[in-house]
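Please read the structure below before turning to the comments.
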Amino acid sequence: MATGRTHRPATRSRGIPEATVARLPLYLRALTALSERSVPTVSSEELAAAAGVNSAKLRKDFSYLGSYGTRGVGYDVEYLVYQISRELGLTQDWPVVIVGIGNLGAALANYGGFASRGFRVAALIDADPAMAGKPVAGIPVQHTDELEKIIDDNGVSIGVIATPAGAAQQVCDRLVAAGVTSILNFAPTVLSVPDGVDVRKVDLSIELQILAFHEQRKAGEEAAAAAADGAGPVATTRGESESADKGPDGDVPAVMPA
Ligand SMILES: NC(=O)c1ccc[n+]([C@@H]2O[C@H](COP(=O)([O-])OP(=O)(O)OC[C@H]3O[C@@H](n4cnc5c(N)ncnc54)[C@H](O)[C@@H]3O)[C@@H](O)[C@H]2O)c1
């Protein structure tokens with residue numbers, strides 16, 4: 001019978017805010033890098049800078065862990081690594097299944113960073129019968145017919161979905177019915193799950209769209225700054241009369257976004 005599936009993240013029961021939980025992996029990554037360099041202690045400012053977080057926020061986050069550091073010394077790196085790992089449930093091994101072993105699923109299977117962070121890829125599952133038995137990252141792909149048995153045999157509580165969007169909900173339903181309670185969804189679709197099941201969605205195209213928004217805003221600001229700086233002299237050097245670039249009341253004309 002499954003052993004991992006009844007474990008809920010301790011963070012919820014301890015009342016740590018979700019936003020703090022989301023920052024814990026950032027601290028852990030920065031702390032792990034310090035630990036690898038045998039740095040014994042770190043100040044909140046240094047750690048905040050390394051994690052890309054505001055230092056007051058970091059101190060507040062750590063207060064939820066009961067970790068306050070020592071004035072003039074800072075935080076003990078090894079102890080914080082242990083504390084955060086424990087809060088995130090990383091002191092135990094989490095078997096993970098990946099469903100949909102195409103371009104993305106195979107890349108994820110080949111990513112060494114999961115295992116080193118305690119996420120063992122227990123099985124790879126795909127609906128294509130031609131893939132069954134073929135090794136990817138040294139693990140033979142298994143057919144979806146086996147999904148329920150695989151989840152049960154391996155005590156899997158975390159499933160990764162890398163199927164086409166149209167198949168994702170059905171895969172999700174099967175994973176949940178088989179006992180999976182956390183899903184990392186890469187398919188570009190919104191999954192519905194019952195209470196008690198957590199879904200995290202990764203969508204690189206959304207991240208790119210957000211960057212595009214910021215790029216557009218920066219371009220607009222640059223154009224506005226250039227127009228403000230150069231309204232007078234530029235107009236003159238272009239051989240246009242100064243008044244031609246100004247509104248009727250002498251205002252600098254509005255700059256339209258590019
Ligand atoms: N989140 C992101 O940033 C991101 C980035 C790239 C791709 N994607 C998404 O990831 C998914 C996979 O992309 P890809 O390029 O690897 O596609 P792909 O076509 O190479 O692979 C999809 C795999 O899923 C399998 N599959 C189809 N239906 C299935 C089912 N019901 N059960 C199990 N397996 C099934 C197919 O046999 C195939 O091997 C797509 O939904 C894509 O849009 C997301």
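For the sequence shown, counting from 1, position 236 maps to 236 in the UniProt record's numbering; every step adds exactly one.
For every residue, glycine included, the Cβ atom is placed at its ideal position computed from N, Cα and C.
The model shown is predicted, which means the values in this text are computed figures rather than measured ones.
Short Cβ contact (8 Å threshold) for V180 with G159: Contact flag set, yes.
- prompt: G159: beta carbon under 7 Å from a heavy atom of ligand 1?
  reply: For G159, the shortest C-beta to heavy atom distance toward ligand 1 is 7 Å or greater.
message: Does R120 come out as helix, strand or coil in the three-state DSSP assignment?
response: Strand.
- request: Report yes if the C-beta distance between N185 and V199 is below 8 Å; otherwise report no.
  value: The Cβ-Cβ distance between N185 and V199 falls below 8 Å.
task: Could you pull out every residue in the same chain whose Cβ sits closer than 6 Å to the Cβ of L108, ignoring the five residues on either side in sequence?
output: Cβ contact annotation for L108 (same chain, cutoff 6 Å, sequence separation greater than five): I98, in chain order.
- request: Count the other CB atoms, across all protein chains shown, that sit within 10 Å of the CB of V234; report buried if there are 16 or more and exposed otherwise.
  value: Bear in mind that the predicted position of V234 carries a pLDDT of just 46, short of 50, making it too unreliable to give a figure here.
field: Counterpart residues of T70 in DSSP-defined beta bridges
entry: According to DSSP, which records beta bridges pairwise, T70 is partnered with G74.
message: Quick check: does the Cβ of D128 come within less than 7 Å of any heavy atom belonging to ligand 1?
response: At least one heavy atom of ligand 1 is nearer than 7 Å to the Cβ of D128, so yes.
message: Applying the 10 Å Cβ sphere with the 16-neighbour rule, what's the burial state of L204?
response: L204 is exposed by the Cβ-count criterion.
- request: Starting from the C-beta of I139, find all residues in its chain whose C-beta is less than 8 Å away, skip the five residues before and the five after it, and write them out in chain order.
  value: Scanning its chain for C-beta atoms nearer than 8 Å, with the 5 sequence neighbours on each side dropped, one finds around I139 the residues A109, V121, A123, L124, in chain order.
- request: On the DSSP bridge assignment, give the partners of Q142 in chain order.
  value: Q142 pairs with I125.
message: Would A22 and A51 qualify as a contact pair, given that the criterion is a beta-carbon distance under 8 Å?
response: Not a contact, by the Cβ cut-off of 8 Å.
field: Assigned secondary structure, R23 (DSSP; H/G/I helix, E/B strand, else coil)
entry: R23: helix per DSSP, three-state reduction.
- prompt: If we count the other Cβ atoms within 10 Å of its Cβ and call it buried at 16 or more, is T6 buried or exposed?
  reply: Confidence at T6 is low in this model, with a pLDDT of 35, below 50, so the placement of that residue should be treated as unreliable; the coordinate-derived value is given next. By the 16-neighbour rule on beta-carbons within 10 angstroms, T6 is exposed.
- request: Hey, could you find the ends of the beta strand (DSSP E) L184 is sitting in?
  value: That run of the beta strand (DSSP E) goes 182-185.
- request: Could you check what DSSP says for D93 in three-state terms: helix, strand or coil?
  value: D93 falls in the coil class under three-state DSSP.
- prompt: With respect to the beta strand (DSSP E) encompassing G159, which residues constitute its N-terminal and C-terminal limits?
  reply: It spans 158-161 - the beta strand (DSSP E) in which G159 sits, taken as one unbroken run.
- request: Please specify which runs of the beta strand (DSSP E), each continuous and at least 3 residues long, are wholly inside the stretch 166-225, giving them in chain order.
  value: Taking only runs of at least 3 residues, the beta strand (DSSP E) segments lying wholly in the stretch 166-225 are 182-185, 198-201.
- prompt: Within the present structure, is the beta-carbon of A187 separated from the nearest heavy atom of ligand 1 by less than 7 Å?
  reply: Because some heavy atom of ligand 1 lies under 7 Å away, the Cβ of A187 counts as near it: yes.
- prompt: From A19 to P25, what does the alpha carbon distance come to, in whole angstroms?
  reply: Here the alpha carbon of A19 sits roughly 11 Å from the alpha carbon of P25.
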